[in-house]
Amino acid sequence: MAKNPALFFLNGLASISFQVIVLTFILFIIALLLLILRKKNHQIDFDSITGLPNFDHFKKNVSKILSTAKPKEYMILSFNIDNLSLINETYGTRVGNEVLKRVGKHFAKQCSKNEYVLRFFADNFIFFTKNPDFFWNVEERVFIMTTVKEILKDILPERYNFTFTTSAYYIDNPADSIDSMIDKANLAQKLCRHTYATHRVIEYTEEMRNSHEWDREITLTMENAFLNKEFEVFYQPKFNFSNEQVMGAEALIRWNNPRKGLLQPGKFVPLFEDNGFIEKIDKFVFQKVCIFLDSWNKLKESRKLPPLTISFNLSRCHLYNPNLIRELRDIAAQYDIGENKIEVELTESIMFDNHQRLIKVMKEIKNAGFSISVDDFGSGYSSLNLLKSMPADVIKLDKEFLSVTPENQKENIIISSVIEMAKKLKIKTVAEGVETKDQCEMLRKIGCDIAQGFYYAKPMHEKNFLLLLSESAQKVPV
Numbered sequence: 018m019a020k021n022p023a024l025f026f027l028n029g030l031a032s033i034s035f036q037v038i039v040l041t042f043i044l045f046i047i048a049l050l051l052l053i054l055r056k057k058n059h060q061i062d063f064d065s066i067t068g069l070p071n072f073d074h075f076k077k078n079v080s081k082i083l084s085t086a087k088p089k090e091y092m093i094l095s096f097n098i099d100n101l102s103l104i105n106e107t108y109g110t111r112v113g114n115e116v117l118k119r120v121g122k123h124f125a126k127q128c129s130k131n132e133y134v135l136r137f138f139a140d141n142f143i144f145f146t147k148n149p150d151f152f153w154n155v156e157e158r159v160f161i162m163t164t165v166k167e168i169l170k171d172i173l174p175e176r177y178n179f180t181f182t183t184s185a186y187y188i189d190n191p192a193d194s195i196d197s198m199i200d201k202a203n204l205a206q207k208l209c210r211h212t213y214a215t216h217r218v219i220e221y222t223e224e225m226r227n228s229h230e231w232d233r234e235i236t237l238t239m240e241n242a243f244l245n246k247e248f249e250v251f252y253q254p255k256f257n258f259s260n261e262q263v264m265g266a267e268a269l270i271r272w273n274n275p276r277k278g279l280l281q282p283g284k285f286v287p288l289f290e291d292n293g294f295i296e297k298i299d300k301f302v303f304q305k306v307c308i309f310l311d312s313w314n315k316l317k318e319s320r321k322l323p324p325l326t327i328s329f330n331l332s333r334c335h336l337y338n339p340n341l342i343r344e345l346r347d348i349a350a351q352y353d354i355g356e357n358k359i360e361v362e363l364t365e366s367i368m369f370d371n372h373q374r375l376i377k378v379m380k381e382i383k384n385a386g387f388s389i390s391v392d393d394f395g396s397g398y399s400s401l402n403l404l405k406s407m408p409a410d411v412i413k414l415d416k417e418f419l420s421v422t423p424e425n426q427k428e429n430i431i432i433s434s435v436i437e438m439a440k441k442l443k444i445k446t447v448a449e450g451v452e453t454k455d456q457c458e459m460l461r462k463i464g465c466d467i468a469q470g471f472y473y474a475k476p477m478h479e480k481n482f483l484l485l486l487s488e489s490a491q492k493v494p495v
């Protein structure tokens with residue numbers, strides 16, 4: 018039977034059409050997959066918010082340039098947007114992200130040949146550039162780059178003061194890792210963030226490097242140092258101005274570091290306050306004071322002298338410890354300190370943390386049988402206002418008070434007034450840092466109660482302080 022030519026043609030046409038449709042569908046799928054892949058690659062290679070190339074791109078480009086660079090030929094600038102979290106909280110994260118996007122675009126436009134910009138994380142942008150001949154050229158460049166008010170005027174209120182904190186690291190070792198270079202630029206910001214105005218550049222220095230390495234060494238060795246009994250308590254005697262008789266001392270921590278020698282508190286206490294290790298140190302000092310008073314109380318010489326008052330410093334982090342009073346009581350209960358007193362020293366700056374909480378803790382400390390001393394009194398701006406509310410027994414005058422000369426009438430009137438007010442409030446006054454006879458005579462004349470300083474005695478080992486007390490006891494008439 019003969020095939021119908023028309024039917025044969027239609028069948029062939031249908032077959033071809035189906036193949037075309039299948040082929041078109043396959044091509045569509047391939048195109049779609051390529052589009053998705055390209056988008057994925059873009060997401061991998063570029064920052065999703067700013068559209069800037071990511072760290073891998075930045076690292077690849079910068080490493081290529083640095084492979085033939087000389088020391089300090091190039092530099093890293095780190096720009097940190099101030100208070101972006103406040104923008105997010107006030108205007109929403111959509112506005113915050115738009116700020117990042119526009120700032121990133123603005124920075125990208127600033128890039129010339131062999132310059133690269135990166136949003137490293139959050140609100141931190143990194144800019145790689147050649148080191149100009151003069152530092153003021155860097156500051157001029159930073160000024161231009163951080164002038165962004167115009168590009169943000171339609172998303173932030175006109176009154177909003179948009180600022181950056183900026184730091185610089187001159188790449189002294191081009192073979193160093195890019196991560197390390199960025200870390201150094203950011204470290205400069207961390208160490209000096211609140212000491213520079215906007216448009217100013219914080220420069221990473223050798224001193225910063227040494228400080229950072231020292232902080233790291235302290236952090237890694239402090240626990241072993243404590244176990245190895247490297248921390249020691251020294252005592253700086255205090256004397257009554259009225260009879261120049263020793264009446265007590267301040268207990269001061271020292272670190273007998275095997276590598277660095279005997280370290281003053283300023284070398285390690287600030288870091289301990291940051292990482293919380295100061296809590297262990299403060300309790301250690303307190304226990305040593307209790308042991309010392311127990312030992313002194315057992316000596317017959319102690320009967321010849323009035324009861325001693327030994328003070329020790331208590332860090333602000335203890336104020337939020339609900340077990341503080343119980344812990345102090347438990348330690349003190351293990352020793353016989355007799356009629357001697359332990360004085361808790363709090364720095365005046367603590368007063369501004371949480372005033373109501375502090376007053377509550379001070380009252381609890383007093384109720385537990387300890388006295389309260391406010392250190393560095395006069396260093397803050399509301400010192401006199403604090404006198405009316407804080408339950409202090411003693412105020413230690415800030416060393417700045419002692420920089421006055423007998424001829425300086427204004428300063429003399431101020432310090433005299435403070436001492437007079439303290440007397441009326443039944444608060445004793447201690448002059449810390451007495452170094453000259455003139456200071457001593459002036460303070461005695463205006464009625465200061467207690468002296469502490471190199472003019473009388475430097476901080477000393479416990480055994481030397483015991484010897485000083487014994488000698489003082491022997492001078493007392495029988």
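Start counting at 1 in the sequence shown, then tack on 17, and there's your number in my numbering.
Glycine included, each C-beta is placed from N, C-alpha and C at the ideal position.
What are the start and end residues of the alpha helix (DSSP H) that includes residue i?
i: Cys470; result: According to the sequence provided, residue 470 is Gly. The question's Cys does not apply to it. Note, Gly470: premise wrong, no alpha helix (DSSP H); not H, not E.
i: Glu344; result: 341 to 349
i: Tyr352; result: Looking at the DSSP string, Tyr352 is not in any alpha helix (DSSP H), and its letter there is neither H nor E.
i: Ile436; result: 426 to 441
i: Ala490; result: 479 to 492
i: Leu288; result: 286 to 292
i: Ile172; result: Run containing Ile172: none; DSSP gives neither H nor E here.
i: Arg158; result: 152 to 162
Measuring only the C-alpha atoms, how far is residue i from residue j?
i: Glu3; j: Val306; result: Here the chain covers residues 18 to 495 and nothing more, so residue 3 does not appear.
i: Lys445; j: Leu419; result: 17 Å
i: Phe96; j: Thr182; result: 6 Å
i: Ile93; j: Phe145; result: 5 Å
i: Ile235; j: Asp171; result: 49 Å
i: Leu280; j: Val134; result: 43 Å
i: Asn105; j: Val286; result: 35 Å
i: Leu414; j: Tyr472; result: 16 Å
i: Ser184; j: Asn227; result: 17 Å
i: His335; j: Ile295; result: 9 Å
i: Ile467; j: Asp347; result: 30 Å
i: Leu103; j: Leu269; result: 41 Å
i: Glu362; j: Ile412; result: 9 Å
i: Pro324; j: Gly265; result: 8 Å
i: Ser390; j: Ser259; result: 20 Å
i: Asn178; j: Asn100; result: 10 Å
i: Ser399; j: Ala192; result: Model confidence at Ser399 stands at a pLDDT of 49, short of 50, so the residue's coordinates are unreliable and nothing is read from them.
Helix, strand or coil: which one does DSSP assign to residue i?
i: Ile66; result: coil
i: Asn58; result: Its pLDDT being 49, under 50, Asn58 is placed unreliably in this model, and the value from its coordinates should be taken loosely. If DSSP states are grouped into helix, strand and coil, Asn58 belongs with the helices.
i: Met459; result: helix
i: Ser184; result: strand
i: Met92; result: strand
i: Lys405; result: coil
i: Asn203; result: helix
i: Thr236; result: helix
i: Glu220; result: strand
i: Ser328; result: strand
i: Glu452; result: coil
i: Asn227; result: helix
i: Ser399; result: Note that Ser399 scores 49 on pLDDT, short of 50, meaning its location in the model is unreliable and no value can be drawn from it.
i: Lys87; result: coil
i: Asn178; result: coil
What residue does the beta strand (DSSP E) around residue i start on, and which one ends it?
i: Leu316; result: Careful: Leu316 lies outside any beta strand (DSSP E) and carries neither H nor E.
i: Asp392; result: 388 to 394
i: Ile444; result: From DSSP, Ile444 is part of no beta strand (DSSP E); its letter is neither H nor E.
i: Lys358; result: 358 to 364
i: Leu375; result: Counting along the chain, Leu375 falls outside any beta strand (DSSP E), though it belongs to the alpha helix (DSSP H) covering 372 to 384.
i: Lys413; result: 411 to 414
Should residue i be labelled buried (16 or more other beta-carbon atoms within 10 Å of its own) or exposed?
i: Thr497; result: Only positions 18 to 495 of the chain appear in this structure, which leaves residue 497 out of reach.
i: Lys255; result: buried
i: Gly470; result: buried
i: Gln456; result: buried
i: Ala139; result: exposed
i: Val9; result: Given a span of 18 to 495 for the chain in the structure shown, any question on residue 9 remains unanswerable.
i: Asn340; result: exposed
i: Glu267; result: buried
i: Tyr337; result: exposed
i: Glu360; result: buried
Residue i CB to nearest chain C CB: under 8 Å?
i: Lys130; result: Included in the structure is just one protein chain, with no chain C present.
Hey, which unbroken runs of the beta strand (DSSP E) at 3 residues or more fall wholly within the region 243 to 282?
248 to 257, 263 to 274, 278 to 280
If you scan the region 104 to 146 from start to end, which runs of the alpha helix (DSSP H) of 4 or more residues do you find wholly inside it?
110 to 127
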